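**Q** Quick note on the working numbering: the sequence shown kicks off at 33 and runs consecutively. Glycine is no exception: its CB is placed at the ideal position from the N, C-alpha and C atoms. Predicted model, so just to flag it, every value in this text is computed and none were measured.
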Amino acid sequence: MKKFLNSLAITTALVLAQSCSSITKIDEKAISVSTHQHEAISRTENHHGEHSTSDTVHHDENHKDKKVLTQANLKVPSHISPNQTIPISIDVQDLNGKAITNFETFQEKLMHLIVVSDDLQFFSHIHPAYKTNGQFEVAASFPQAGGYTFFSDYKPTGKTEQVSVLKAQVLGNTIPAPEIDIQRSKTFNDTQVNLALSEPTVKAGQEVTLMFKLQDAASNQPLTDLQPYLGENGHFVIVRNSKQLTAADYIHAHALKNTPAGQVDFMTSFPQRGKYKLWGQFNRNGKIITADFWLNVV
């Protein structure tokens, strides 16, 4: 273990928050009722080449600032190749560098890890296992070269939820991202997903309801076999298209209750103008559907 740790390259970034096409099919979570918006991070580098953050602030849905209580380190091998399964370790500490050892289960897990490629073409939601002394571990692979951002969400016992934003780089020649596709109706295997909005134009700072209407691709009839996804109607994550992803680009919204058959709704707002990638996940009779869309916010 020591030999492995000595070979690790560490990149980290931290931000506080409240609170998945998969890179690796490990486990995924559903979410449960409000939007979380985050402030940007700042980064410093120490003498070991590790990265940490400072002066991070989170604004929740009521626009109240909350303090950062933790810091986290991401440990991965120093050389990562596409499609190579690697060990990932996340160490959670308090601001004095002391390991946090006790965590509360929330949304059925001790830690939720959302991973996106920096071009937003790949998305995964996995759950690291807690080992000891503040350390979480999981294995994952990455489909192509480039940068990846990790949003690690956890709740120290008796404290508010924390989100650490972490970075990793996969070696190799990067592939240009395809043009942004803004169509609102797509078919994923045997399911057609139609995205509808409560507002004709989505404006920054304006609350909007996003409605995912799911139909059987063969019959065009609303789905009747949708099931809860880890206790919720659906799982929804939004990331703004940005050259350098930070927590300010990340939104985690929750499924509304009492929607029509075959439909899952989410209510949120977008903090600033730009293009956003949306990922909705739904449980169709035991099969997880991951529906992705682009949205322009003015």
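Near L127, what residues of its chain come up, given a Cβ to Cβ distance below 8 Å and the 5 sequence neighbours on each side ignored?
**A** Along the sequence shown, one-based indexing puts residue 127 at 95. Excluding the 5 residues flanking it on each side, L127 has same chain C-beta neighbours closer than 8 Å at V100, L101, T102 and Q103, in chain order.
**Q** The beta strand (DSSP E) with V100 in it runs from where to where?
**A** Translated into positions along the sequence shown, residue 100 becomes position 68. Taken as a continuous stretch (DSSP letters only), V100 belongs to no beta strand (DSSP E), as it is neither H nor E.
**Q** When the distance is taken between beta carbons, is F174 closer than 8 Å to M143?
**A** Within the sequence shown, numbered from 1, the residue matching residue 143 stands at position 111. Within the sequence shown, numbered from 1, the residue matching residue 174 stands at position 142. For M143 and F174, no; Cβs fall outside 8 Å.
**Q** Who are S122's beta bridge partners in DSSP?
**A** Mapped onto the sequence shown, residue 122 falls at position 90. One point to set straight first is that residue 122 is Ile, not Ser, in the sequence displayed. I122 pairs with L106 and F168.
**Q** For the beta strand (DSSP E) containing Y308, list its first residue and its last residue.
**A** One-based indexing of the sequence shown puts residue 308 at position 276. That run of the beta strand (DSSP E) goes G306 to R316.
**Q** Mind checking K163: buried by the 16 CB within 10 Å criterion, or exposed?
**A** Here residue 163 refers to the residue found at position 131 when the sequence shown is read from its first residue. Exposed, by the Cβ-count rule.
**Q** Can you give me the Cβ contacts of Q304 inside the same chain, cut-off strictly under 6 Å, excluding the 5 residues immediately before and after it?
**A** Position 272 of the sequence shown, counted from the first residue, corresponds to residue 304. Excluding sequence positions up to five before and after Q304, its CB lies within less than 6 Å of the CB of A236, all in the same chain and listed in chain order.
**Q** Check whether the Cβ atoms of V225 and F244 lie closer than 8 Å to each other.
**A** Within the sequence shown, the letter at position 193 stands for residue 225. Within the sequence shown, the letter at position 212 stands for residue 244. Contact flag set, yes.
**Q** Classify H286: buried if its beta carbon has 16 or more other beta carbons within 10 angstroms, exposed otherwise.
**A** By one-based count along the sequence shown, residue 286 stands at place 254. Buried, because 16 or more other Cβ atoms sit within 10 Å of the Cβ of H286.
**Q** Alpha carbon to alpha carbon, how far is K187 from G266? Give it in angstroms, no decimals.
**A** Sequence index remark: in the sequence shown, residue 266 carries index 234 (1-based). Sequence index remark: in the sequence shown, residue 187 carries index 155 (1-based). Straight-line Cα distance between these residues: approximately 21 Å.
**Q** Under 8 Å, with one C-beta from each stretch per pair, do the stretch 294-312 and the stretch 181-197 reach the 3-pair mark?
**A** no
**Q** Report the three-state DSSP secondary structure of A287 (helix, strand or coil).
**A** Here residue 287 refers to the residue found at position 255 when the sequence shown is read from its first residue. Correct three-state label for A287: strand.
**Q** Skipping 5 residues on each side, what residues in its chain have a beta carbon closer than 7 Å to that of D281?
**A** Locating residue 281 in the sequence shown gives position 249, where the first residue counts as 1. Excluding residues within five positions, the ones whose Cβ falls inside 7 Å are V271, R272 and S274.
**Q** For the beta strand (DSSP E) containing G204, list its first residue and its last residue.
**A** The residue you call residue 204 lines up with position 172 of the sequence shown. That residue, G204, is in no beta strand (DSSP E); it is neither H nor E in DSSP.
**Q** Nearest by alpha-carbon distance to K199: which of F135, N205 and S121 is it?
**A** Stepping through the sequence shown from its first residue, residue 199 is reached at position 167. The residue with the shortest Cα to Cα distance from K199 is S121.
**Q** Across which residues does DSSP place I132 in a beta bridge pair?
**A** As a position in the sequence shown, residue 132 is number 100, starting the count at 1. Its beta-bridge partners do not exist; DSSP assigns none.
**Q** From the DSSP output, read off the bridge partner residues of V240.
**A** On the sequence shown, position 208 is the one that residue 240 refers to. Its beta-bridge partners are T300.
**Q** Below 8 Å between beta carbons: does that hold for L327 and Y308?
**A** As a position in the sequence shown, residue 327 is number 295, starting the count at 1. As a position in the sequence shown, residue 308 is number 276, starting the count at 1. Contact: yes.
**Q** Determine the burial state of D222: buried for a count of at least 16 other Cβ atoms within 10 Å of its Cβ, exposed for fewer.
**A** Here residue 222 refers to the residue found at position 190 when the sequence shown is read from its first residue. Under this definition D222 is an exposed residue.
**Q** Following the continuous beta strand (DSSP E) through R216, name the residue where it begins and the one where it ends.
**A** By one-based count along the sequence shown, residue 216 stands at place 184. Annotation for R216: no beta strand (DSSP E) segment contains it, and DSSP assigns it neither H nor E.
**Q** In the DSSP assignment, find the unbroken beta strand (DSSP E) run with N328 in it and report its ends.
**A** Here residue 328 refers to the residue found at position 296 of the sequence shown. Taken as a continuous stretch (DSSP letters only), the beta strand (DSSP E) holding N328 covers K319 to V329.
**Q** Hey, quick one: how far does the beta strand (DSSP E) through F155 stretch, first residue to last?
**A** The count along the sequence shown starts at 1 and reaches residue 155 at position 123. It spans F155 to I158 - the beta strand (DSSP E) in which F155 sits, taken as one unbroken run.
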